[in-house]
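All remarks here apply to the structure that follows.
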Amino acid sequence: MNVRRWGERLAVPTAFVLTVAILAVVFYYPVLSVLREAVVRAGSLTAAPLVDVLGDPFYTGVAHHLFTAPLSIPAGVLDWIRAGFPSVEFGLFGFTAFQAFLSTLASVVVGLPGAYLLARFEFRGRRTLRSLTILPFVLPSIMVAVGFLAMFGQNGLLNDILGALGLGQVNLLFTLEIIVLAHAFYNAPLVTRLVTTAWESVDARRVETARALGAGPFRAFRDIVVPQLLPALLTAALLTFVFTFLSFPIVLALGGLRLATVEVWLYARVQDLELAEAATLGTIETVLSLALTYLYLRYEARQTTTGGGTTLPRRALAVGWKTLRDPVRIGLAVYGVGVLVLFVGPLVSMIVESVTGPNGLTGAYYEFLLNQQATTAAGTTKPLPAIANSLAFGVGTLALAVPMGIVVSVMVTRGGTGSRLAETLMSAPLAVSGVVVGLGLLQTLVFGTTIAGYRVTAGGALAIVVAHAVAAYPFVTRNVTPALAGIDSQLVDSARSLGASRFRTLLDVELPLVWTAVLAGGAFAFAISIGEFDTTVLLAEGVESYTMPVALERYIGNRSLGPSLGPATAMGTVLLLVTAASFLVIERLGGRWEP
Amino acid sequence: MDRRQFLRRSSAGVAGLAMLAGCTGAGEGDNGSGANGSGTNGSGNGTTEAGADSTATTGSASSGGTLRVATYSSFTGEDTAGNWLKSAFETEQSGTTVEFLTPENGVNQYVQRAKQGAPIDADIYLGLNTAELVRARKKLDKPLFQSVGEDLDGADGLKKPLRIDPKKRAVPYDTGYISLVYNENEVEEPKTFDSLLESRYEGDLITENAQQSDPGRAFLLWSIIAKGEENYLDYWKQLVGNGVTVLSDWEPAYQAYSDGEAPMVVSYSTDQVYYHGPDVDMAKHQLGFLNDQGYANPETMALFESANNPQLGRTFMEFVLTETAQSKIAVKNVQFPAVKGVTPSKEFDKYAKEPPETVTHSYDELAGSVESWVEEWSRLVASE
Amino acid sequence: MSDAVPERDPTTTDAGVALDNITVEFSGVTALEDVSLSVDEGEFFTLVGPSGCGKTTTLRAVAGFEEPATGEVHIDGGRVTDLAPERRDVGVVFQHYALFPHMTVRENVAYGLRFRDPPGGVADDERVDELLSLVDMAGMGEREPEQLSGGQQQRIALARALAPGPDVLLLDEPLSALDARLRERLRVTIREIQQELGITTIYVTHDQSEALAISDRVAVVSGGRIEQVAPPETVYREPQSRFVAEFVGENNLFDGEVTATAPPRATVDGVEIALPESAAVDTGDSVALCVRPEVLSLGENDTASNATTLTATVEHREFLGDAYRVHCSWNGRSLLVKTDSREPPEGTVTLTVDTDDIHLLSDSGR
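Protein chains in written order, with our numbering: chain H, 127 to 721; chain R, 44 to 427; chain D, 9 to 374.
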């Protein structure tokens, strides 16, 4: 009894300490081992690398004067005004922020109507559609690039359709527009998912109260619903901005070098082993995205969200012939067409690519998968182990990231001053360049360190799962924290006074009440693990721990069917199907425990 | 000792050749099995001989054991040059195991390991290009690779332009020639670098990012040879002005070309090896050797300074340079042999085209320059 | 309990609940200042006061939800100051019921039984049924909380709080969210159950009439301090402070000066008023006179010597059903009179108060 009581009392603090320890080992230490190069040169502190980068007009455009000749700025501004406000360049950082801003805007514009549709209308397949919104998240960028090429290319499906309709041609590839669209492809579902969850927790009684007080439907929406959606929308927008700010493979694949971002540059610097410059770029990126995260969390903390109550009722989407006369429903239909083009188009195009050879329809690429599976040659990447590994890592990540995320949420919602700062630091895995994390893991865990004469390295399945969990748990935290904060404290007090420890209260009362949020976070965690590539290849010991994205990547280099992306697209299709099935299962199973 | 080793090597060499015959002759049942049989006999003899003489046992210990070969992942796996090398070499050197390591970040993995004092878990690196050799040397205080010296068997037969390393660390085992692949239905063949600047080729060329793509970097280096170190940036400024697209790597670039995004792409002169036959529109697979040149991008192998078993490593490298291995690698890797006078296969000969003139940079020409060339180029493209 | 460690430190007091010099601060603001209380075993003790006075904080300090900056909390003679809420054996009922929405009624009531050692097994089921009957909700076990009315939910909350057999029952404004009639019915139920179980109970309310109706003793709380602790009748009839006099029931307060001591008299705005014989005052003292509206009689000219008569004007009358509230003005002040007369007079009236019905506040300065 005593042991159990102590166990329960220590459960949350212990789990928190473990979480911090895990973060320290597989995140903070590796990342700082890279970033320290930005401020340490030959063993002593220096600002030189930072000044070099910030003072380089290639990186910061006109802002480089701030770091090279701050005194010249007033005169410079005057000259600029006299010259009639000519356009100003802000360098690589400026362009990166600009495209991230556009991408965020596009993601919100594309994602919001989806949330409206999913939260406010009832139609066949709604739950399935909701489950599938996570799919884009797991797709390797190379597959998205293939799909986009086949969909939006000069001879792509879109132009075929436009041509057939007599609407002319669009040329989108290798433009900023296509990058923004691809970023929306990845991130609009994030907006949709987060906002839908928030919308579903709007208390219908409050809207009814507002209506009873004389507010029209629009006013009630603006005054009651919008404030409750805003935190979720801003979370999604913030995450989108940070992700697209740090975006790299999609920019490289669809935009080319002319539209390079900071992260593209950072990657090239790492390839050249110019690690100090890479670290400097990574440090600036990290400072910017963490600062944004901190500002956001400060804002979020001031929002009061209270869950519970009655959910707003859903309306039927199709209402017979009247459907065609309702402007809202017509608008949604137009939106549906847009979704088909942006989301279904590239995915279907990729699937079509997987059955299309140079000479028309072919099953060769799937046959290739079967042959890979059947072969006994060493070093062959087989599809079934890839699927099994992906799912195993996914489940492992789920099992680790969900408790980690919850524990951090609990500590953050309980904590007082400084808890925002703590949460910001704990959210850092979202806000640090993937290239930097990869490099850090390589330098520390893979290469190992010498402790008491022994070389200690970490790798293998467990290390992969832990690393995935570190990347994934902030999604759990971001989902769960606002929900936990919204729980009526009297429920917690009641349970405590009835004899439940803090830990039992969490298990028996709080978690069941925020289950939807836990599930939503868990789905992201699983998705992150399934789609993860960089860390997986780094930490894989031997050639056996490959996952679906790794297999896909290796098939790209496989020339046994000629230089064709066919095998990779076939594997991409398998990845798509396995993931889709997993999410349907996760959400159905998880939904059962929903209160 | 020397004589005995030579004997061993030649007897095993016979076995290797016999194995090869067995492979090539698949289909002619009798021949194949006979050849296999003799192969087994051959290695049996070798063992007996070694067992009879204790000095020989000590001597052969250096060739037994495990050889760890680091390479890129597509070099290994089902039906690849890597797997052929492994089984052929293991058959030739009985008791030897070849183990492949495929670090995702290639040779950088070992440069970084050396820099941090972490152990280097490989004996040979296979798949090194000249610029990487430059980088490996420049980033480290001590050399990462050792010289194999003058007496590596088979090294005499290497094609001259491919001998890029005067210090004899990197030994080429095959090469690709960078050229344009174009669609003659849509564009006329561009003959020279200058012609690419003409307005009729506006927006027609796709190339790859020299920061991380081999053909991309090769094309940039080629343009430096063609236009000179002083003028290449100016040339590229105009090329960018003429709408060149710079994609991340060869795969997306070639995919974009195949999808008809542009009628020209920087690729390899082995293109038609993949694309020929009655169903293929050969117009889409025309090769453009600008200035009648092609830039050689040799793939080399090198022995780590810290190799556990340098002797076995050398034996392996010599094996890679044998005629059989050269033609096998060429066919399976779809690259040209590095050794003169090797004819990989009829089909390969027919469809793999060598440029009229081969150009490339040697180690000494790249050392000290390649990084700034690439950096200035990438800054130019990204800020245009 | 199999614990080797005693649950509570033994102390000298044998009170059901004792607070010794409790101070509670919220980020620098003092919510409770040096509060001491002693609730007898089995007593129904009510904390009453306006919102924000600290009564709920006091309750939460007993439950263990607030950590006092200084002072000690004892339950059943044992020190619990450092114990977590789940180890204090208290049952708490909140204003908004706080039923667990994801559990059935039965699961809610049974929740606290999970933590008993050893587990009760079948006995737990019987215990739940017993409690559901106790709160008159037998047969409702399988309902979801949201299917119940507010009154029903509060009964379940009470059953849930009582199920583990706590030493102390804490009720925090349990009836405030209910309508008036239900409130009155349920408070009788609560009182009956408390009597039946003999459980030490602390009840928090802002409704002074509820406090008077239900309690053995009442503590009036204001500004983080206890103003008075006494049985309801005493609090009503003999308030110790101006605050208590005005907060509990209605009162007419007059400030006066003592002019004589045998018999004691005082002047209020120049009018002589006789004070109770027992008043211990000296000539020249400032005093506050409390005159409840119901002790002022209207229109009758009582000539008895120990009565004071005032002449006032009726301004306004309120009909309450069983009585009238009559607002008068006297000497430029308003006076409230309550009468059960069927037809109270209008215009100029005579108000009479029996000297013994006047209560003096011991310290008029408060």
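Quick reminder that beta carbons are idealized off the backbone N, C-alpha and C, glycines included.
Check                                                                                                                                : Outcome
His367/D in three-state terms, based on DSSP                                                                                         : strand
is_contact[Glu121/R, chain H] using C-beta, thresh 8 Å                                                                               : yes
Beta-carbon separation (whole angstroms), Ser545/H vs Val534/H, contact threshold 8 Å                                                : The pair is not a contact, with the Cβ atoms about 10 Å apart (cut-off 8 Å).
Alpha carbon of Ala64/R to alpha carbon of Gln369/R, nearest angstrom                                                                : Because Ala64/R carries a pLDDT of 33, less than 50, the predicted location of this residue cannot be relied on, and the following value inherits that uncertainty. So the two alpha carbons sit approximately 15 Å from each other.
Boundaries (first-last residue) of the alpha helix (DSSP H) holding Ile287/H                                                         : Leu283 to Ala290
Where the beta strand (DSSP E) through Lys346/D begins and ends                                                                      : Arg341 to Thr347
Helix, strand or coil at Ile221/R [DSSP, three-state]                                                                                : strand
Sequence-distant residues of its chain with Cβ nearer than 6 Å to Leu359/H (five each side left out)                                 : Val321
Ala425/R at chain H interface by Cβ criterion, 8 Å                                                                                   : yes
Burial state of Lys202/R (16 or more Cβ within 10 Å)                                                                                 : buried
Beta carbon proximity, Arg178/R to chain H, threshold 8 Å                                                                            : yes
Backbone CA spacing between Ile304/H and Gly158/D [nearest angstrom]                                                                 : 57 Å
Distance CB(Arg111/R)-CB(Asp164/R) smaller than 8 Å                                                                                  : yes
Cβ pair Arg680/H, Ser256/R closer than 8 Å                                                                                           : no
Check whether Ala503/H and Gly120/R have beta carbons under 8 Å apart                                                                : yes
Candidates Ser373/H, Ala554/H, Gly462/H and Ser475/H: closest to Val413/H by CA position                                             : Ala554/H
For His191/H, the first and last residue of its enclosing alpha helix (DSSP H)                                                       : His191 to Thr194
Asn151/R - DSSP class collapsed to helix/strand/coil                                                                                 : helix
Closer than 7 Å at the beta carbon, the chain R residues around Gly683/H                                                             : Ser116 and Ser117
Exposure of Thr114/R, with buried meaning 16 or more beta-carbon neighbours within 10 Å                                              : buried
Listed by chain order, chain D residues near Gln616/H by CB distance under 9 Å                                                       : Val100, Phe102, Gln103, His104, Tyr105, Ala106 and Asp180
Whole-number beta carbon distance between Ala386/H and Glu163/H, since they are thought to touch under 8 Å                           : Their Cβ separation, rounded to whole angstroms, is 22 Å, which puts Glu163/H and Ala386/H out of contact at 8 Å.
Within-8 Å CB hit, Gly169/H to chain R                                                                                               : no
Near the ligand FMN: Ala147/H beta-carbon under 7 Å from a heavy atom                                                                : For the structure depicted, the ligand FMN is absent and the ligand set is empty, with no information on it obtainable.
Nonlocal neighbours in the same chain, by C-beta distance under 7 Å from Thr235/R, ignoring five residues either side                : Leu333 and Asn334
With 16 other Cβ atoms within 10 Å as the buried cut-off, status of Gln155/D                                                         : exposed
Validate contact between the segment 129 to 148 of chain D and the segment 96 to 104 of chain D using beta carbons, cut 8 Å, 3 pairs : no
Interface partners of Ala271/H on chain R, CB under 7 Å                                                                              : Pro295
Extent of the continuous alpha helix (DSSP H) to which Phe344/H belongs                                                              : Pro343 to Ala346
Coarse secondary structure for Tyr168/R, derived from DSSP in three states                                                           : strand
From Val368/H, Phe274/H and Ala290/H, residue whose alpha carbon lies closest to that of Asp302/R                                    : Phe274/H
Beta-carbon separation (whole angstroms), Pro472/H vs Met277/H, contact threshold 8 Å                                                : 5 Å
Near-chain A residues of the segment 599 to 624 of chain H (beta-carbon distance less than 8 Å), N- to C-terminal order              : The structure shown contains no chain A; its protein chains are H, R and D.
Chain H contacts made by the segment 261 to 289 of chain R, where a contact means CB separation under 8 Å                            : Val283, Thr288 and Val289
Proximity below 8 Å, CB of Thr550/H to CB of Thr419/H                                                                                : yes
Test item: CB-CB of Phe573/H and Arg156/R under 8 Å                                                                                  : yes
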